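Asks: Structure provided below as structure tokens; questions to follow.
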Amino acid sequence: MSVVELQQQVPSGLASTLDRPPPYPQHRQSPASLGQRLPEELVSGLTLYWMASSEVDQKFLGRLARAVEQDNPLLSSMLFKILGLSLNLAEQLVAVKKQRKPTPVTSPLFLRRILHILWLSREGLVMLQQYVIPMVGNYVELKVLAYKLRASFHHIFVLFHNSPSVSTIGSWTPEAISAAFAPIYKDGHGQLGVDGDPISRSSSVQPTHALEGGPVGPPPGFETQVALLPPSFLLPEKDYLPTAQQYFQEAMDLADQLLWGSHSLRLSVKTEYAAFLYECVHDPESSRQLAKKTVSEVYDATEGMDDDMFRDACELVTVLGKMMRRGLGTASSTAKGKRVQVTPATPPTATTLPRMENAI
């Protein structure tokens, strides 16, 4: 399908706003007030834009894992493991979003899920850095995907575990740690819960044996009271923002050099980076400008695409259209925040790149 058909799928009125944005000014410090948004808003924004991007990543993870299975079984195995971890991580983020309480930062279940999200992200990053990135070689799409996932995991570190915190959701005060480690109880129906929060068993894991129906306790010496560890045990307390910024820029540079403007993986990289600028850097203007520039690049692309990539591109362009208007008309958007220098795309070389219809 052509890019002309893609243009017909975007929301009406979006094309009129696709003038070329001005260059990004240099990075500056933002007011502290921009970081004081409600946790529900941050989690909702992360879930919406991160999920739209991660669904594309998951498709490429499965496709590329199958494609390299014969040539590199170890790499294929790691890609499948990261795919499973990504699906679990997405489920946890959706669960956090659905848990809408007046004060979610004081909910033990809410905080325990954040610890689970941090643990999944840490394990995914370890597998990525030790087994995937060293073996990407000349795999074009896999290389872009690996660098993008590295930035994605750091995005979660910044949002939930940064020091200094970029949001109230990432503030691990002594009270929050005590709430997260509150004792677990059983209600009258045998369900596990914490301070009124039922912990439901995942519907994707069902008992297959008569002896598998009940909860299994930890081995001796690893009871709940013994195994409780602070969040700093999972990840050191430090400022992950500069590292995440660098990784996103590297992923964007690779996507600009190796993929065409309407490629869904390239759109995935820029969609999450725009969300990162808004949620973590607190620079709504740069986020909107990046979204506008990305949609403009989609319009300028002349390459064709298959039906699946066409649908993904349509969805991401729609998300980017929402991000172009995100924060407009609110009091916080009028405040001057950080501005981030986004390096323009490197002009394409004369070397012909491999066709993207191939998986790798």
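Residues 1 to 360 in full-length UniProt numbering are what the sequence shown lists, from first letter to last. We treat Cβ as the ideally placed atom computed from N, Cα and C, and that holds for glycine. Remember, predicted model here, so these are calculated numbers, not experimental data.
(1) With three or more C-beta pairs closer than 8 Å as the rule, is the segment 318-325 touching the segment 286-293?
(2) Ignore the nearest five residues each way along the sequence and tell me which others in Gln-129's own chain have a CB closer than 8 Å to its CB.
(3) Helix, strand or coil: which one does DSSP assign to Asn-88?
(4) Got a sec, what are the start and stop residues for the alpha helix (DSSP H) Asp-306 sits in?
(5) Examine the Cβ distances between the segment 88-97 and the segment 130-144 and report whether three or more of them are shorter than 8 Å.
(6) If you measure between the beta carbons of Arg-125 and Leu-265, is that distance less than 8 Å?
(7) Would you kindly report the start and end of the unbroken alpha helix (DSSP H) that includes Arg-288?
(8) DSSP state of Gln-130, grouped into three classes?
(9) I'd like the span of the alpha helix (DSSP H) that includes Leu-259, first residue to last.
(10) Please classify Thr-271 as buried or exposed, where buried requires at least 16 other C-beta atoms within 10 Å of its C-beta.
(11) Helix, strand or coil for Tyr-240 per DSSP?
(12) Taking C-alpha atoms, which residue in Thr-302, Met-309 and Ser-296 lies nearest to Met-324?
(13) Ser-163 and Asp-283 look like a contact to me (Cβ under 8 Å); what is the Cβ gap, rounded to whole Å?
(14) Helix, strand or coil, according to DSSP, for Leu-120 in the structure here?
(15) Find out if the Cβ-Cβ distance for the pair Ser-121, Ile-82 is shorter than 8 Å.
(16) Since Val-68 is in the alpha helix (DSSP H), which residue starts that stretch and which ends it?
(17) On the premise that Ala-251 lies in contact with Lys-148, defined as a C-beta separation below 8 Å, what is that separation, rounded to the nearest angstrom?
(18) To the nearest angstrom, how far is it from the Cα of Phe-276 to the Cα of Leu-85?
(19) On the criterion of 16 or more Cβ atoms from any shown chain inside 10 Å, does Ser-152 qualify as buried, or is it exposed?
(20) What residue range is occupied by the uninterrupted alpha helix (DSSP H) comprising Tyr-139?
(21) Compute the Euclidean distance between the alpha carbons of Arg-326 and Met-78, then round it to the nearest angstrom.
(22) Can you find the residues in the same chain that come closer than 8 Å, C-beta to C-beta, to Met-127, ignoring five residues on each side of it along the sequence?
(23) For Ser-76, does the three-state DSSP call read helix, strand or coil?
(24) Could you name the residues of the same chain whose beta carbon sits closer than 7 Å to that of Leu-235, not counting the 5 residues immediately before and after it, in chain order?
(25) CB-CB under 8 Å to Arg-113, same chain, minus the five flanking residues each way: which ones, in chain order?
(26) Just reading off the alpha helix (DSSP H) that Arg-266 is part of, what are its end residues?
(27) When the Cα atoms are used, what is the spatial distance from Thr-302 to Val-136?
(28) Between the alpha carbons of Ala-306 and Cys-314, how many angstroms are there, rounded?
(29) Using only alpha-carbon positions, find the residue among Glu-237, Leu-159 and His-154 that is nearest to Thr-243.
(30) Pull up the distance between the alpha-carbon of Pro-62 and that of Asp-256, whole angstroms please.
(31) Just how far apart, CA to CA, sit Glu-237 and Ser-165?
(32) Please check the pair Leu-115 and Cys-280, which I expect to be a contact at CB under 8 Å, by giving their CB distance rounded to whole angstroms.
Replies: Let me lay it out:
(1) Yes: the two stretches touch, three or more of their Cβ pairs being nearer than 8 Å.
(2) Around Gln-129, the same chain offers Arg-150 as residues with beta carbons nearer than 8 Å, after the five sequence neighbours per side are excluded.
(3) Per DSSP, reduced to three states, the secondary structure at Asn-88 is helical.
(4) Here Asp-306 belongs to no alpha helix (DSSP H), and DSSP marks it neither H nor E.
(5) The segment 88-97, when compared against the segment 130-144, does not touch it at the 8 Å Cβ threshold.
(6) Inspection of the sequence shows that residue 125 is occupied by Leu rather than by Arg. Going by beta carbons, Leu-125 and Leu-265 fall outside the 8 Å limit.
(7) Run containing Arg-288: 284-300, per the alpha helix (DSSP H) assignment.
(8) Assignment of Gln-130 by DSSP, reduced to helix, strand and coil, places it in the helix class.
(9) Premise fails: Leu-259 is in no alpha helix (DSSP H) and is neither H nor E.
(10) It is buried - the Cβ of Thr-271 has at least 16 other Cβ atoms within 10 Å.
(11) In the structure shown, Tyr-240 sits in coil (DSSP, three-state: anything other than H, G, I, E or B).
(12) Of Thr-302, Met-309 and Ser-296, the residue nearest in Cα terms is Ser-296.
(13) Actually they do not touch by this definition, with Cβ atoms about 20 Å apart.
(14) Three-state DSSP puts Leu-120 in a helix.
(15) In this structure, Ile-82 does not lie closer than 8 Å to Ser-121 by Cβ.
(16) Looking at the DSSP string, Val-68 is not in any alpha helix (DSSP H), and its letter there is neither H nor E.
(17) The beta carbons of Lys-148 and Ala-251 sit about 4 Å from each other, so the pair counts as a contact at 8 Å.
(18) When rounded, the distance between both Cα atoms is 21 Å.
(19) Per the 10 Å Cβ criterion, buried.
(20) Neither: Tyr-139 is in no alpha helix (DSSP H) and is coded neither H nor E.
(21) Straight across, the Cα-Cα distance linking Arg-326 with Met-78 is about 36 Å.
(22) Leaving aside the five residues that flank Met-127 on each side, the residues in its chain whose CB is nearer than 8 Å to its CB run, in chain order, Met-78, Lys-81, Ile-82 and Leu-85.
(23) The three-state secondary structure of Ser-76, taken from DSSP, is helix.
(24) If we look at Leu-235 and ignore the five residues flanking it on each side, its Cβ neighbours are Leu-118, Arg-122, Phe-157 and His-161.
(25) Non-local C-beta neighbours of Arg-113 in its own chain, meaning closer than 8 Å and more than five positions away in sequence, comprise Gln-92, Ala-95, Val-96 and Gln-99, ordered along the chain.
(26) First-last of the alpha helix (DSSP H) with Arg-266: 264-279.
(27) Answer to the nearest angstrom: the Cα atoms are 28 Å apart.
(28) Before going on, a small fix: residue 306 reads as Asp here, not Ala. Distance between the alpha carbons of Asp-306 and Cys-314: 12 Å.
(29) Ranked by how close their Cα comes to the Cα of Thr-243, the residues Glu-237, Leu-159 and His-154 have His-154 in first place.
(30) The sequence given here places Gly at residue 62; Pro does not occur at that position. Each residue's Cα considered, the two are about 23 Å apart.
(31) Those two C-alpha atoms are separated by around 10 Å.
(32) A Cβ-Cβ distance of about 19 Å is found for the pair Leu-115 and Cys-280, leaving them out of contact under the 8 Å criterion.
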